[in-house]
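Just so we're aligned: the sequence shown equals residues -43 to -1, 1 to 985 in mature numbering (1 follows the signal peptide of the UniProt record, and there is no 0).
The C-beta atom is built at its ideal place from N, Cα and C for all residues, glycine as well.
Read the structure below first, then the notes.
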Amino acid sequence: MTLSDLGEALIRLHVFPPSMCSSGDSMWLLCSLVLVLVPPSVGYSLDVEHSLEFGGPASSWFGYSVLLHRNGRQTWLVAGAPVANGSSSLPVRSPGGVYRCNITPEPRTCKHMHTEVSSCGKTCEGESDHQWLGVSLSRQPGEEGGRVLACAHRWKNVFYSTKDSQSNKLPNGVCFSFSSDLETSQPYIPCYIDHQRKFGENYASCQAGISSSMTEDLVIMGAPRQISAYGNDETGAVNFGSYLGYSVGAGHFLNPSSVEVVGGAPQYNQKGKVFIFTVDNSRLRILFELSGKEFGSYFGSSVTVVDLNADGLSDLLVGAPMATSSTREEGKVHVYINEGQAKLVEAEFQLTGSSAYAARFGQSIANLGDMDDDGYPDVAVGAPQEDDLRGAVYIYNGRKEGISPTPSQRITGSSLGRDLMMFGQSLSSGIDIDNNNYKDVAVGAFLSDSAVILRARPVIQVKASLTLPEQIDQNVVLCHDRGTPAVCINVTICFNATSKHFKGLIELQYNLTSDLIHKSSFPHRFYFHGNGSLNSTKGEVRTRHGRLTCKTHTAYQRKDVKDIYTPVQFEVSYGLKETKTPKHPSKAFPPLKPIMQHSPGQRHTITNQTRFARSCNLVNCSTNMQLSSHLVLPDQQDFVALGSAQTIVLKTSLLNSGDDAFLPRLTLRFPDNIHYVKVLQNQDNLISCDVMKETNSTDVSLACLVSSLVLPAGSQMNISFLFDVNHNSTPGDVLIQMNTSSDNYEMEKYLHDNAMSLVFPLKYGVSVNIHGFVSPTSFLFGDEDTIPAECYSEKLNYTFKVLNSGPSRSVDTVIDIRLPKILSPHRHKLQKLISLKSSHGECSISSKTISVFEDCDVPQASSIQKLISFFSPTSTRTLFCGHGDELCEHLICHLGSLDVGRDATIQLEVNLNPAVLLQEPGRHGIMMLESTAVMSSPTEDPHTVLMQGLPFTQVLVEAVFTQKLTTVVQIFIIVVGLVLGLTILAALIWCLWKAGFFKRNFQKKEEEEFNRDSWDYVPKLKKKESNA
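Shown next, in the form of structure tokens:
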């Protein structure tokens, strides 16, 4: 059926006249929409080896709908074939048909069930062409029979159309109610009203019967093509065109005794919706709504009412067969659990089958009843288009919490050994056809004109126990193995099998295994059969319902057992013995092999364990392992320098203050950039360690075992580990986690000192040296006799050597170089950078310095300033650069990462303008030009340590003022000398004058001097001399 065959419908409750119903019954019509895509499902207890197949007329779509029915001791499979041809005696085209097939081992025949609408009303004349008889089948509940309803939703009233070409055929739809023996039928045309002419008027085109459901008192039919507004629900909540009625059902949603009606509307807002109605004065009133979430999923095209958790209230399964997840139209079934008063809560999961492409999972859903005897109903879900239209059926088991999210069985059409197509389009259960007290399942496969019945297998519940001695005393020898005394124990296995309905002989087989948790490095400590090699044995048990049956096996202890600390565990896995089905006469169904009940989490396996007898000091022979440790880092530092190639020593101590510890071990966990080297002082290999890389993690585990196998009570063991660090590691804290344990039990109160953690930092230990050189180291300035061709006449070559002496590489090394730029307070540039080269990285000039004048027109000092400067005492001035000094030229060199032992060379060619040094004020006799180089990166931070402080160097250039006299000074000296001489002469003359020097007789004196110089000169004696 396609959507073009479907119409629009509203909800209306219609009570039929008593003449149309049996005594005590009433029939209700639910007008709404239905989708015709149904998938199948099946349970784990269904037998696929003895399936029963039924066939119908070719190309009749036999199996489009199926129904299991019982009347007394007679059982039938009722199958709908909606496109079957009519009998040759009647000129009807493909009216469809309903067939009843007797369910017997052999032969199986199907008989057409007679239906006829002989009289339907005053203005009624039926047309059965393409009426789709068998589109839906339903029956009254119960195993002992009841009425069966078969519908043809496309049956038409042609009374007026045959008389008036302007009138329409009215697709009322018809359903036939068959008696319990399926011999007689009565037609129901719920949408017919006398004198109807117009298509769609007063339910004239409702197509009743596309879906149907029956209770003990109610008949509910879906009528999706109704377009009249008459009889709409009181709330008006059902949208026009929602296809309400595409699926129908009934259950106990308010309380265990009430009856509510369910209707699916898969086209509601293109997402679908399901309504739950209550009957209120012969009308349907909306009680609860469930909305779909996905466009085009056809949510609500199939519904099944079932009490999944056996609480007396109906739960609901809603199919959405065109829901799409990862591929296309895989289909889903939504699960809603009733929490009381029709409050339905959706489960956290949806049933999805195998999520196969275009499987249409959820096309059909059926309540199977309790097939596995766990007290909860099971359901089947069909996926008819799975596996290239071969189809499949899935079985899901009810649980206390609702339903199992995974199927317990999947049955495909191809697995039955027949060429079945669309297997799972229809499903039916509720009838036990072979009288084994388990409901069987019918599955339709209409594209192959077939239907299949799958019989349910009996279910057996098995409880098992395993008994062992409380302890094993190695000093007590009770057995002999090959004539040699041996320690042994008795292992007793008991089974108690029960079944609600199976009373025959139950055959069980089991496998007994010893010492499951023995250490992999040791052999099994116990064996069976006395050959010393096998640690497992098999056995069989025959029992009956409710009878306890036991069997005892002897387990022998090996002679070389060293592990007396680990418990000895035994395991029994059991199941039903595989037997061949005995032959039975063809007139009876062969009995089916029973199956074991599968409960959630049940593995049909039991275990038990015992221990060796020991003399212990603590309860349960508990150990008390105590761990202590500390780190020894290189050079007694509090960190490890990256790249230092130095090792780390971890010293640990294990102390056992409890009873003997078997297989003591120490486990270390650390990052993978830490490399385990060895255990120190381990010449006799007392400690063996294995390194394991953890998956999806950057950590490494180091598992160390003691070769002596036992750490005796009160003993201590010291273990020292040697580690090194990957030179490519990144700085940060390294966490080493340690844990000690053994294979013995240790009380919880003793576990607090079994683990500890140590942290040590990884840092860059940087030791960078900077050396500076300049050539020349000094020069003269101020010589007026030498006139340079250019103003920047002095050539200086600076060289800075940067060496990383380790132990770590210097990351992102940056060197700041500062040169005096001006003679403060003047603004003319002192030094001009001609070239800047670096053997590593690149250098640049910072723009964050003071702006200067770069021309050669430097102002000269005045004559007075020159004279003052010349005659001032000789002094020294140092031009230096501080951090962030804007008066200096700032060069930044990014050298990158310098590995240990690598160096970098920075070369500067600088021209200096001596005229700048002559500016006054500021000129001194000796000018010291101090240039500096300092490392600005890396700096001291949480991940970096500067081993020798901040690397720094300074370079000095001495500028000495020349001693030659300048012209101004020479002139000044001459002028001052003349003035000073004249002054002295004037003073002398004045003194002579004052002394009377100029009052003497210059003539006599001259004469006397003349005579004295003569040859005959005789000096005259004074008067006093002559008298004497």
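> Rounded to whole angstroms, how far is the Cβ of Thr770 from the Cβ of Val815, which I believe are closer than 8 Å?
Replying inline: Contact doesn't hold; Cβ gap of about 38 Å is too wide.
>> I'd like the list of long-range same chain contacts for Ala466, defined as Cβ closer than 6 Å, with 5 residues on each side in sequence excluded.
In response: Before going further, note that residue 466 is Gln rather than Ala in the sequence given. Glu497, Lys534.
> For Gly729, which beta-bridge partners are listed by DSSP?
Replying inline: Phe757
>> Do Leu325 and Ser386 count as a contact pair if the criterion is CB distance below 7 Å?
In response: yes
> What is the rounded straight-line gap between the Cα of Met704 and the Cα of Ala618?
Replying inline: 13 Å
>> Can you confirm whether the segment 611 to 630 touches the segment 582 to 596 when touching is taken to mean that 3 or more C-beta pairs between the two stretches lie within less than 8 Å?
In response: yes
> For His481, does the count of other Cβ atoms within 10 angstroms reach 16, so buried, or fall short, so exposed?
Replying inline: buried
> What is the DSSP secondary structure of Tyr707, counted as helix, strand or coil?
Replying inline: helix
> If you run the structure through DSSP and keep just helix, strand and coil, what is Asn226?
Replying inline: helix
>> Starting from Ala399, trace the beta strand (DSSP E) in both directions and tell me its first and last residue.
In response: 397 to 402
>> Tell me the residue span of the alpha helix (DSSP H) that contains Glu343.
In response: 343 to 346
>> Using only the alpha-carbon positions, how far apart do Ser490 and Tyr513 sit?
In response: 11 Å
> The beta strand (DSSP E) with Pro871 in it runs from where to where?
Replying inline: Pro871 -> not in any beta strand (DSSP E); alpha helix (DSSP H) instead, spanning 871 to 874.
> Ends of the beta strand (DSSP E) at Lys420?
Replying inline: 416 to 424
> Are there 16 or more other CB atoms within 10 angstroms of the CB of Ile552, so buried, or fewer, so exposed?
Replying inline: buried
> Does the beta-carbon of Arg504 have 16 or more other beta-carbons within 10 angstroms, so that it is buried, or is it exposed?
Replying inline: exposed
> Any idea what DSSP makes of Asn393, helix, strand or coil?
Replying inline: coil
> Does DSSP classify residue 1008 as helix, strand or coil?
Replying inline: With the chain covering -43 to 985 only, the question about residue 1008 has no answer from this structure.
> Can you tell me where the beta strand (DSSP E) with Trp112 in it begins and where it stops?
Replying inline: Where Trp112 is concerned, there is no enclosing beta strand (DSSP E), given that its DSSP letter is neither H nor E.
> Going by beta carbon distance, what residues of the same chain come within less than 6 Å of Thr806, once the five residues before and after it are set aside?
Replying inline: Glu843, His847
>> Given this structure, state the Cα-to-Cα distance separating Asn125 from Gln153, to the nearest angstrom.
In response: 10 Å
> Per DSSP, what kind of secondary structure is Phe955 in: helix, strand or coil?
Replying inline: helix
> With burial defined as no fewer than 16 other Cβ atoms inside 10 Å of the residue's Cβ, what is the status of residue 988: buried or exposed?
Replying inline: Nothing about residue 988 can be reported from this structure: the residues present for the chain run from -43 to 985 only.
>> Could you pull the DSSP bridge partners for Asp406 from this structure?
In response: Looking at the DSSP assignment, Asp406 forms no beta bridge with any residue, so it has no partner.
> Would you call Gly(-1) buried or exposed, if buried means 16 or more other Cβ atoms sit within 10 Å of its Cβ?
Replying inline: Here the model assigns Gly(-1) a pLDDT of 38, short of 50, so the residue's position is not dependable and the matter cannot be decided.
> Which residues bound the beta strand (DSSP E) around Gln566?
Replying inline: 562 to 569
> Since Leu423 and Thr564 are thought to touch, with beta carbons under 8 Å apart, how far apart are those beta carbons, to the nearest angstrom?
Replying inline: 7 Å
>> Considering only the alpha carbon of each residue, which of Pro669, Asp629, Val636, Ile644 lies closest to Asn653?
In response: Asp629
>> For the structure I just gave you, are there three or more beta carbon pairs, one from the segment 432 to 439 and one from the segment 24 to 42, closer than 8 Å?
In response: no
>> With H, G and I counted as helix, E and B as strand and the rest as coil, what does DSSP make of Ile146?
In response: coil
> If you draw a straight line from the alpha carbon of Glu343 to that of Val260, how long is it in whole angstroms?
Replying inline: 20 Å
>> Going by DSSP, what residue range makes up the beta strand (DSSP E) through His785?
In response: Counting along the chain, His785 falls outside any beta strand (DSSP E), and DSSP gives it neither H nor E.
>> So, for Lys68: in the same chain, excluding its five sequence neighbours on each side, which residues have a beta-carbon less than 6 Å away from its beta-carbon?
In response: Arg57
>> So, with DSSP's three-state summary, where would you put Val205?
In response: strand
> Around the Cβ of Ile802, are there at least 16 other Cβ atoms within 10 angstroms (buried) or fewer (exposed)?
Replying inline: exposed
> Name the DSSP beta bridge partners of residue 1003, please?
Replying inline: The structure shown does not extend to residue 1003, since the chain is modelled only from -43 to 985, so the question has no answer here.
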